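Undergrad:
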């Protein structure tokens with residue numbers, strides 16, 4: 014078993030203000046040793062600050078409010094370099110990036126998706142920004158002595174089509190495939206596409222409010238009623254176990270629901 018959280022670690026988490034991303038920041042951060050660095054990115058700076066304030070003593074934590082639907086290469090690179098606090102990238106034994114930021118539209122059929130600006134926003138946030146950020150991250154931590162790990166928070170909508178989520182399905186499928194290709198091209202980097210289960214996050218509950226998919230709403234309502242949904246704590250704890258054991262093939266999907274009890 015490999016403990017990827019030991020030593021001096023640089024951890025970057027996107028979508029870190031809510032849901033799974035927030036829980037990843039809290040759980041991973043608590044496992045880090047002194048002098049490690051944590052960078053949390055999301056749109057909500059107030060919630061990010063609270064997560065940073067909760068980091069253990071000795072961990073250097075920072076945050077930045079970023080709208081991934083309209084960010085730029087320059088902004089992403091500057092934020093990453095600024096967070097190093099004059100530390101050299103090669104001084105870190107491990108570098109971990111978790112791509113958790115996501116945005117979904119639950120109430121449009123594909124024939125209704127005729128606004129190109131909305132398509133750009135969806136793919137910018139769900140696909141293009143993580144791809145660009147990942148490349149920047151690899152360039153900054155290009156030293157071969159630094160062991161690198163990539164975690165892509167995947168979605169069942171990236172694997173299975175469903176009505177009223179066409180743009181999200183397309184973007185998540187593209188993102189998964191990108192990281193599979195990245196894994197092939199970079200055998201020295203450990204890449205995980207993680208399916209977290211149906212987690213009781215804000216997005217999970219948003220489906221009940223705005224989705225036009227009555228079958229999906231009925232399914233989620235039942236999960237809420239019988240409390241069969243996964244909590245952020247449960248899925249992130251399993252993610253920690255998966256990352257420590259390193260029993261998956263780089264680039265593959267690991268599904269929370271396939272875990273052995």
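In this note's numbering, the protein residues as written are 14 to 274.
Beta carbons are placed, not taken as given, at the ideal position from N, Cα and C, and that holds for glycine.
No experiment lies behind these values; they were computed from the predicted model shown.
State yes or no: is the C-beta of residue 248 within less than 8 Å of the C-beta of residue 269?
TA: yes
Undergrad: Note down the Cα distance separating residue 234 from residue 212, rounded to an integer number of angstroms.
TA: 13 Å
Undergrad: Could you have a look at residue 180 and say whether DSSP puts it in helix, strand or coil?
TA: Residue 180: helix per DSSP, three-state reduction.
Undergrad: When you compare each of 30, 261, 227 to residue 76 by their alpha carbons, which one comes out closest?
TA: 30
Undergrad: I need the DSSP call for residue 73, collapsed to helix, strand or coil.
TA: strand
Undergrad: Looking at the unbroken beta strand (DSSP E) that takes in residue 27, where does it start and where does it end?
TA: 22-27
Undergrad: Return the first residue and the last residue of the alpha helix (DSSP H) that residue 142 is part of.
TA: Under the DSSP assignment, residue 142 falls in the alpha helix (DSSP H) whose first and last residues are 142-153.
Undergrad: Could you give the residue range of the alpha helix (DSSP H) that holds residue 129?
TA: 129-136
Undergrad: Closest to residue 148 by CA distance: which of 125, 89, 200, 120 is it?
TA: Shortest Cα-Cα distance from residue 148 to any of 125, 89, 200, 120 involves 89.
Undergrad: Would residue 222 be called buried (16 or more neighbouring beta carbons within 10 Å of its own) or exposed?
TA: The residue in question, residue 222, is exposed, as its Cβ has fewer than 16 Cβ neighbours within 10 Å.
Undergrad: Cα-Cα, which of 228, 266, 45, 241 is closest to residue 193?
TA: 266
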